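Enquirer:
There are 4 protein chains.
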Amino acid sequence: MHESCSSCPPVVGDVEASVGYCWPVRVYYEDTDAGGVVYHATYLNYMERARTEWLRALGYAQEALVRERGILFAVHRLSVDYLYPARLDDQLCVRVGALKIRRASMEFSQQIQSKCASYPRLLTRATVKIACLAAKNMTPCPIPDPILDAFHTWENRRCEC
Amino acid sequence: MHESCSSCPPVVGDVEASVGYCWPVRVYYEDTDAGGVVYHATYLNYMERARTEWLRALGYAQEALVRERGILFAVHRLSVDYLYPARLDDQLCVRVGALKIRRASMEFSQQIQSKCASYPRLLTRATVKIACLAAKNMTPCPIPDPILDAFHTWENRRCEC
Amino acid sequence: MHESCSSCPPVVGDVEASVGYCWPVRVYYEDTDAGGVVYHATYLNYMERARTEWLRALGYAQEALVRERGILFAVHRLSVDYLYPARLDDQLCVRVGALKIRRASMEFSQQIQSKCASYPRLLTRATVKIACLAAKNMTPCPIPDPILDAFHTWENRRCEC
Amino acid sequence: MHESCSSCPPVVGDVEASVGYCWPVRVYYEDTDAGGVVYHATYLNYMERARTEWLRALGYAQEALVRERGILFAVHRLSVDYLYPARLDDQLCVRVGALKIRRASMEFSQQIQSKCASYPRLLTRATVKIACLAAKNMTPCPIPDPILDAFHTWENRRCEC
Numbered sequence: 012m013h014e015s016c017s018s019c020p021p022v023v024g025d026v027e028a029s030v031g032y033c034w035p036v037r038v039y040y041e042d043t044d045a046g047g048v049v050y051h052a053t054y055l056n057y058m059e060r061a062r063t064e065w066l067r068a069l070g071y072a073q074e075a076l077v078r079e080r081g082i083l084f085a086v087h088r089l090s091v092d093y094l095y096p097a098r099l100d101d102q103l104c105v106r107v108g109a110l111k112i113r114r115a116s117m118e119f120s121q122q123i124q125s126k127c128a129s130y131p132r133l134l135t136r137a138t139v140k141i142a143c144l145a146a147k148n149m150t151p152c153p154i155p156d157p158i159l160d161a162f163h164t165w166e167n168r169r170c171e172c
Numbered sequence: 012m013h014e015s016c017s018s019c020p021p022v023v024g025d026v027e028a029s030v031g032y033c034w035p036v037r038v039y040y041e042d043t044d045a046g047g048v049v050y051h052a053t054y055l056n057y058m059e060r061a062r063t064e065w066l067r068a069l070g071y072a073q074e075a076l077v078r079e080r081g082i083l084f085a086v087h088r089l090s091v092d093y094l095y096p097a098r099l100d101d102q103l104c105v106r107v108g109a110l111k112i113r114r115a116s117m118e119f120s121q122q123i124q125s126k127c128a129s130y131p132r133l134l135t136r137a138t139v140k141i142a143c144l145a146a147k148n149m150t151p152c153p154i155p156d157p158i159l160d161a162f163h164t165w166e167n168r169r170c171e172c
Numbered sequence: 012m013h014e015s016c017s018s019c020p021p022v023v024g025d026v027e028a029s030v031g032y033c034w035p036v037r038v039y040y041e042d043t044d045a046g047g048v049v050y051h052a053t054y055l056n057y058m059e060r061a062r063t064e065w066l067r068a069l070g071y072a073q074e075a076l077v078r079e080r081g082i083l084f085a086v087h088r089l090s091v092d093y094l095y096p097a098r099l100d101d102q103l104c105v106r107v108g109a110l111k112i113r114r115a116s117m118e119f120s121q122q123i124q125s126k127c128a129s130y131p132r133l134l135t136r137a138t139v140k141i142a143c144l145a146a147k148n149m150t151p152c153p154i155p156d157p158i159l160d161a162f163h164t165w166e167n168r169r170c171e172c
Numbered sequence: 012m013h014e015s016c017s018s019c020p021p022v023v024g025d026v027e028a029s030v031g032y033c034w035p036v037r038v039y040y041e042d043t044d045a046g047g048v049v050y051h052a053t054y055l056n057y058m059e060r061a062r063t064e065w066l067r068a069l070g071y072a073q074e075a076l077v078r079e080r081g082i083l084f085a086v087h088r089l090s091v092d093y094l095y096p097a098r099l100d101d102q103l104c105v106r107v108g109a110l111k112i113r114r115a116s117m118e119f120s121q122q123i124q125s126k127c128a129s130y131p132r133l134l135t136r137a138t139v140k141i142a143c144l145a146a147k148n149m150t151p152c153p154i155p156d157p158i159l160d161a162f163h164t165w166e167n168r169r170c171e172c
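Chains A, B, C and D, in that order, give the protein sequences. Each residue of the first sequence is one higher than the one before, counting from 12 in my numbering. Each residue of the second sequence is one higher than the one before, counting from 12 in my numbering. Each residue of the third sequence is one higher than the one before, counting from 12 in my numbering. Each residue of the fourth sequence is one higher than the one before, counting from 12 in my numbering.
Rendered as structure tokens:
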């Protein structure tokens, strides 16, 4: 079963729309630029908020991960397709899906979808690779077992649907 | 009666805590700096989000104000006291209270309060003066009557408590 | 004698224009919002860049202050008047002047001036109080003597003009 | 001949280091996050500043392009590899090279290199596809001929070296 906010309609004509977790984001002036739309780097913030809330939903807050386990999750690689712009006051749905979960890294499929239009429109599509780093020296380290288990449990639950 | 989210406790020892509207904000990595706390300019974003949601609660979205009425609300003056820092993953309550409502401007009292600590702590206190501007030339113009009425109604409702 | 970039003309009709240090800033899309002008919180970034470069000009880089001396300078209070907006591609001059230098804090007068117009225009005027904090617990601590001496030397040099 | 600031050393062991234009960027607190390094979305801002200055060096300012020609350049697709983090106070060199110039879009190779270390280190490597849009409706439109000519002249000059 997919976790998602009940008010998020499926994305029309997009086979990847089934990615699992969904976090709502509202567009404020701070997010826009003089072109009248959301600034291209801001979508990366939105996608990180969604990953953070997905992690929190699994029981792990990032600040506690640094403080208690000495690890942090850092973006290692990303690619983004900008299909349509988001605008001031838009209500967005930012989706998180797991593509690959490895010993010291994860790869996510992410989508940003507009909820404002009369039909939902896919605005941005991204792949984001996250590395697990030791906070003390910023070098790669294994994802702690309980967290890795939580990821796999979440992933498997998705596959059952 | 004060409009506020029911989960926001009163701020201990702060007579201004009664300011009316409250908007919850979560702190993400994007908001912090290398000092380990929220970057000082980011609190201005938080305060604008709260004013925007207060305005939306009164029935007015900023994007529609520009498009339909040709006006926008711009910060004209502000002063901020930084009392304690907010940190990664903190859940904050951003309050909005009206100090003065004039023909072409408004003055707000705003407070940012931590909800994470065992007791709520006032982190930031600000006064923000907003001017109503004609979008076409960015010059001052009167606040449209229906909006002004909504402001006064909200203000009076506060006074009854 | 005032330190300033030679290409910065005096601000017309502004007695405070003599504030000492000047740092040039260019406006990019990232700095603007859908109102078509620089977002109000962004001016705080500009003012911090200028304070950082003023400090560097005195011989102190912020990263080294944390690493070698365990201190950081944090904004404690600020007030800003927004007079005219800056726009995309504008070339700005951000000025730093010392109002008060105390044992554990400093107060600056800052101004942001447009260099693009046919005559220079004062866009933003601010007072910023900075506190010296111990990095380990973010509590106030005295400004180290050599740095305090550098501040006073700079301040006195200003007074000679 | 490659245009570049004379103080930018070649990147050790990187065949792509020859990309043409270089823009210096300093890291401030605003750019960093609580992980102690530059926030991952901020590198996109740096890369846009470099593209903007490259365009300005060719004679075209973005604000004037919107106002006089009704066009703007928007990011259509990007991919970024984060190799090493930049830190507070680092002095960076942001490079811009043209991969492909088409009728209504351009593809750039961009690199961010540290200048602070005893040897220059490649921190971030990106490919950015830019589309030319009509400002009035944000739909694709051809790059105006004089600008396209300027791009090709710049590209050919690179090939002569």
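Just so you know, even glycine gets a beta-carbon here, dropped at the ideal spot from N, CA and C. Since we're looking at a predicted model, the values are computed, not measured.
1) When the Cβ atoms of the region 102–114 of chain B are set against those of the region 79–89 of chain B, are three or more pairs found closer than 8 Å?
2) Using the beta-carbon of each residue, which ones in chain A are nearer than 7 Å to Arg106(B)?
3) Which residues, in order along the region 57–83 of chain B, keep a beta-carbon less than 7 Å from a beta-carbon of chain D?
4) Quick one, are the C-beta atoms of Trp34(C) and Glu64(C) less than 7 Å apart?
5) Say yes only if the C-beta of Leu133(C) is nearer than 6 Å to one or more non-hydrogen atoms of the ligand SAM, and no if none qualify.
6) Per DSSP, Ile123(B) forms a beta bridge with which residues?
7) How would you write the range of the beta strand (DSSP E) that Tyr93(D) sits in, first residue to last?
8) Would you kindly report the start and end of the unbroken beta strand (DSSP E) that includes Tyr32(B)?
9) Of the residues Arg98(D), Gln122(D), Pro155(D), Lys147(D), which one's Cα is nearest the Cα of Val105(D)?
10) Between which two residues does the alpha helix (DSSP H) harbouring Met68(C) extend?
11) Check the DSSP bridge columns for Glu118(A) and list the partner residues they point to.
12) Taking Glu41(A) as the query, report the chain B residues whose CB atoms sit under 7 Å from its CB, ordered along the chain.
13) So for Ala45(A), helix, strand or coil by DSSP?
14) Mind listing the chain D neighbours of Arg98(C)? Cutoff is C-beta to C-beta under 8 Å, in chain order.
15) Let's test the definition: count the other Cβ atoms within 10 Å of the Cβ of Gly31(A) and tell me whether it reaches 16, buried, or not, exposed.
16) Since I believe Ser90(C) is in contact with Ser90(B) (beta carbons under 8 Å), could you give me their beta-carbon distance rounded to a whole number of angstroms?
17) Counting only Cβ pairs nearer than 9 Å, list the residues of chain B close to Met5(C).
18) Taking the CB atoms as reference points, tell me whether Ser125(A) and Gly108(A) lie closer together than 7 Å.
19) If I measure Cβ to Cβ from Asp92(A) and keep anything under 8 Å in the same chain, skipping five residues before and after, which residues do I get?
20) When you check each C-beta in the region 153–170 of chain C against every C-beta of chain A, which residues fall closer than 7 Å?
21) Is there a Cβ of chain A sitting closer than 7 Å to that of Leu133(D), yes or no?
22) Cα separation between Leu103(C) and Asp42(C)?
23) Alpha carbon to alpha carbon, how far is Ala97(A) from Cys143(D)? Give it in angstroms, no decimals.
24) Going by beta carbon distance, what residues of the same chain come within less than 7 Å of Gly70(B), once the five residues before and after it are set aside?
25) Just to confirm before moving on: does the CB-CB distance between Val36(A) and Tyr54(A) stay below 7 Å?
26) From the beta carbon of Arg113(D), is the nearest beta carbon of chain A less than 7 Å away?
27) Any C-beta of chain C within less than 9 Å: which residues of the region 137–148 of chain A qualify?
28) Less than 7 Å between CB atoms is the rule here; does Ser116(C) satisfy it with respect to chain B?
29) At the level of alpha carbons, what is the spacing between Leu94(B) and Trp165(D)?
30) Which bits of chain B does Asp101(C) rub up against, with CB to CB less than 9 Å?
31) Using a Cβ-Cβ cutoff of less than 7 Å, which residues in the same chain neighbour Val77(D) once the five nearest sequence positions on both sides are dropped?
32) CA-CA distance, His163(C) and Asp101(D)?
33) Can you tell me whether DSSP reads Pro20(C) as helix, strand or coil?
34) Ser90(C) versus chain B: which residues are under 8 Å apart at the beta carbon?
Expert: In short:
1) no
2) The residue given as residue 106(B) occupies position 95 in the second sequence. The premise fails here: Arg106(B) is roughly 17 Å from chain A at the closest Cβ pair, so nothing lies under 7 Å.
3) none
4) Working through the third sequence from its first residue, we reach residue 34(C) at position 23. Working through the third sequence from its first residue, we reach residue 64(C) at position 53. Contact flag set, yes.
5) The ligand SAM is not part of this structure, which contains no ligands at all.
6) As a first step, residue 123(B) is located in the second sequence; it is residue number 112 there, counting from the start. Val105(B), Thr135(B).
7) Numbered from 1 along the fourth sequence, position 82 holds the residue referred to as residue 93(D). Element bounds for Tyr93(D): 82–93.
8) Reading the second sequence from its first residue, position 21 is the one you call residue 32(B). Following the DSSP letters along the chain, one finds Tyr32(B) inside the beta strand (DSSP E) bounded by residues 32–37.
9) Here the question's residue 105(D) lines up with position 94 in the fourth sequence. With distances taken between Cα atoms, Val105(D) lies closest to Gln122(D).
10) The residue given as residue 68(C) occupies position 57 in the third sequence. The sequence shown places Ala at residue 68(C), rather than the Met named in the question. Its alpha helix (DSSP H) spans residues 53–68.
11) Here residue 118(A) refers to the residue found at position 107 when the first sequence is read from its first residue. In DSSP, Glu118(A) forms a bridge with Lys111(A), Lys140(A).
12) Residue mapping note: residue 41(A) aligns to position 30 of the first sequence, counting from 1. Residues of chain B whose Cβ lies closer than 7 Å to the Cβ of Glu41(A) are, in chain order, Asn56, Glu59.
13) On the first sequence, position 34 is the one that residue 45(A) refers to. The three-state secondary structure of Ala45(A), taken from DSSP, is coil.
14) For the purposes of this step, residue 98(C) is taken as the residue at position 87 of the third sequence. Correct list: Glu74.
15) Numbered from its first residue, the first sequence carries residue 31(A) at position 20. Flag for Gly31(A) reads buried.
16) The sequence position of residue 90(B) within the second sequence is 79, counting from 1. The sequence position of residue 90(C) within the third sequence is 79, counting from 1. About 4 Å; that satisfies the 8 Å criterion.
17) Since the first and last residues shown for chain C are 12 and 172, residue 5(C) lies out of range.
18) Looking up residue 125(A) in the first sequence gives position 114. Looking up residue 108(A) in the first sequence gives position 97. The answer is no: Cβ separation not under 7 Å.
19) The residue you call residue 92(A) lines up with position 81 of the first sequence. These residues qualify, in order along the chain: Thr135, Arg136, Ala137.
20) none
21) To locate residue 133(D), count along the fourth sequence from 1; it is residue 122. False, the Cβ-Cβ gap to chain A never drops below 7 Å.
22) As a position in the third sequence, residue 103(C) is number 92, starting the count at 1. As a position in the third sequence, residue 42(C) is number 31, starting the count at 1. Cα to Cα, the separation comes out at about 13 Å.
23) Counting from one through the fourth sequence, the residue named residue 143(D) turns up at place 132. Counting from one through the first sequence, the residue named residue 97(A) turns up at place 86. C-alpha separation (whole angstroms): 18 Å.
24) Locating residue 70(B) in the second sequence gives position 59, where the first residue counts as 1. So the qualifying residues of the chain are Ala161.
25) Locating residue 36(A) in the first sequence gives position 25, counting from the first residue. Locating residue 54(A) in the first sequence gives position 43, counting from the first residue. The answer is no: Cβ separation not under 7 Å.
26) Along the fourth sequence, read from residue 1 onward, the residue named residue 113(D) stands at position 102. Answer no: the Cβ-Cβ gap between Arg113(D) and chain A never drops below 7 Å.
27) none
28) Within the third sequence, numbered from 1, the residue matching residue 116(C) stands at position 105. Taking Cβ atoms only, chain B never reaches closer than 7 Å to Ser116(C), which makes this a no.
29) To locate residue 94(B), count along the second sequence from 1; it is residue 83. To locate residue 165(D), count along the fourth sequence from 1; it is residue 154. Roughly 53 Å separates the two Cα atoms.
30) Along the third sequence, one-based indexing puts residue 101(C) at 90. Result: empty, since nearest Cβ-Cβ is about 14 Å, beyond 9 Å.
31) Along the fourth sequence, read from residue 1 onward, the residue named residue 77(D) stands at position 66. Closer than 7 Å at Cβ, skipping near neighbours: Leu83, Ala146.
32) Along the third sequence, one-based indexing puts residue 163(C) at 152. Along the fourth sequence, one-based indexing puts residue 101(D) at 90. Straight-line Cα distance between these residues: approximately 27 Å.
33) Residue 20(C) sits at position 9 when you count from the first residue of the third sequence. Confidence is the limiting factor: at Pro20(C) the pLDDT is only 46, short of 50, which leaves the residue's position unreliable, though a coordinate-based value still follows. Here Pro20(C) sits in coil by DSSP.
34) Here residue 90(C) is taken as the residue at index 79 of the third sequence, counted from 1. The answer, in chain order, is Arg88, Leu89, Ser90, Val91.
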